[in-house]
Amino acid sequence: MKKLWLNAGIVGSLSAAFGSILWSQKTNESNSSRTCSPLDSEPTSPYELQLVQVLFRHGARTPLKSIPNVLEGGSFAGQLTTLGMQQLYELGKRLRQRYIEDSPFLSPAFSPSEVYVRSTNIWRTIESAKCLVAGLFQQKQKGISINIYMDSANFCDSLSPSIYVVRLTVCVVCSHRWAESSTLPDIAADLRRIQEALGIAAQQVDFILIRDDMVAREVTVPHHDSYYYPQKYTGYF
0 MKKLWLNAGI
10 VGSLSAAFGS
20 ILWSQKTNES
30 NSSRTCSPLD
40 SEPTSPYELQ
50 LVQVLFRHGA
60 RTPLKSIPNV
70 LEGGSFAGQL
80 TTLGMQQLYE
90 LGKRLRQRYI
100 EDSPFLSPAF
110 SPSEVYVRST
120 NIWRTIESAK
130 CLVAGLFQQK
140 QKGISINIYM
150 DSANFCDSLS
160 PSIYVVRLTV
170 CVVCSHRWAE
180 SSTLPDIAAD
190 LRRIQEALGI
200 AAQQVDFILI
210 RDDMVAREVT
220 VPHHDSYYYP
230 QKYTGYF
């Protein structure tokens, strides 16, 4: 009897995503398989794989809050991008290679009795779970549906920070000291300079929102700022 538990990506209180958990369990089929024959070049390991746990977050996403002058497009804030979907699909393929093709730890085809999918109630994490399962079990099976179990709320203690961590984070981020930091002379000057370079009017836009937007769009810093920012922003949250 083999069991596979799949637990999808999550998002914390401040859109800080954590990931998914892939659990799998397999019982011993035969103790005789642990013995090695005289023809074996290497002795068989006395240990047998029982549990696999993989922690991952969602794939690449769009900005959580776009800066002014939003570029045209059909996506919404925090949506899983095409690249993000491909990232999770490739991860599923790697898991398939390791636990199905290289080592027959899982069944090659999807089975509801072997797979349990769980996700927080965030669309990009649900989509990430779907893409990973698609990469893990690639067969186009008719009449098979994959249930994704979600909490009614966006957060749960097992997948995201507890309420105590959330409260502490909110207190820090929303405190007057966080707001006052942007008024410090050097920080304020740098923020104005970046806003002018990006053509953003004086608004409540901080460094975190600007960087999140630029990284998600892979925006290149204007040429006249290349001395301070010589490289193109790469990577995704």
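Following numbering that gives the first Met the number 0, the residues of the sequence shown are numbered contiguously, the last one being 236.
Ideal placement from N, C-alpha and C gives every residue a C-beta, glycine not left out.
Give me whichever residues DSSP pairs with M149 in a beta bridge. S118
Between the Cα of G91 and the Cα atoms of T61, F75, E195 and R56, which residue gives the shortest distance? R56
Which partner residues does L79 have in the DSSP bridge list? R60
So A215 and T119 are supposed to be a Cβ contact under 8 Å. How far apart are they, rounded? That belief does not hold up - the Cβ atoms of A215 and T119 are roughly 20 Å apart, past 8 Å.
Outcome for A76 when other beta-carbon atoms lying within 10 angstroms are tallied against a minimum of 16: exposed
Does DSSP put F180 in a helix, in a strand, or in coil? Rather than Phe, the amino acid found at residue 180 in this sequence is Ser. Helix.
Do the CB positions of L208 and K64 come within less than 7 Å of each other? yes
Apply the 10 Å Cβ neighbour rule to F206 and answer buried if 16 or more other Cβ atoms are within range, or exposed otherwise. exposed
Buried or exposed: which applies to G134, given that a residue is buried once 16 or more other Cβ atoms fall within 10 Å of its Cβ? buried
For Y88, the three-state DSSP class (helix, strand or coil): helix
How long is the line joining the alpha carbons of P45 and S102, rounded to whole angstroms? 16 Å
Taking the alpha carbon of Q78 as the point to measure from, which residue in E89, G58 and Y88 has its own alpha carbon closest? G58
Cβ atoms of Y98 and R117: under 7 Å apart, would you say? no
Cβ shell of Q85 (< 6 Å), same chain only, five flanking positions each side left out: none
Does the Cβ of T124 have 16 or more other Cβ atoms within 10 Å, making it buried, or fewer, making it exposed? buried
What does the alpha-carbon distance come out to for the pair I186 and Q96? 49 Å
Within the same chain, show all residues whose beta-carbon is closer than 8 Å to that of E89, passing over the 5 residues directly before and after it, in chain order. G134
What three-state label does DSSP hand L131 in the structure shown? helix
At the level of alpha carbons, what is the spacing between G142 and L50? 29 Å
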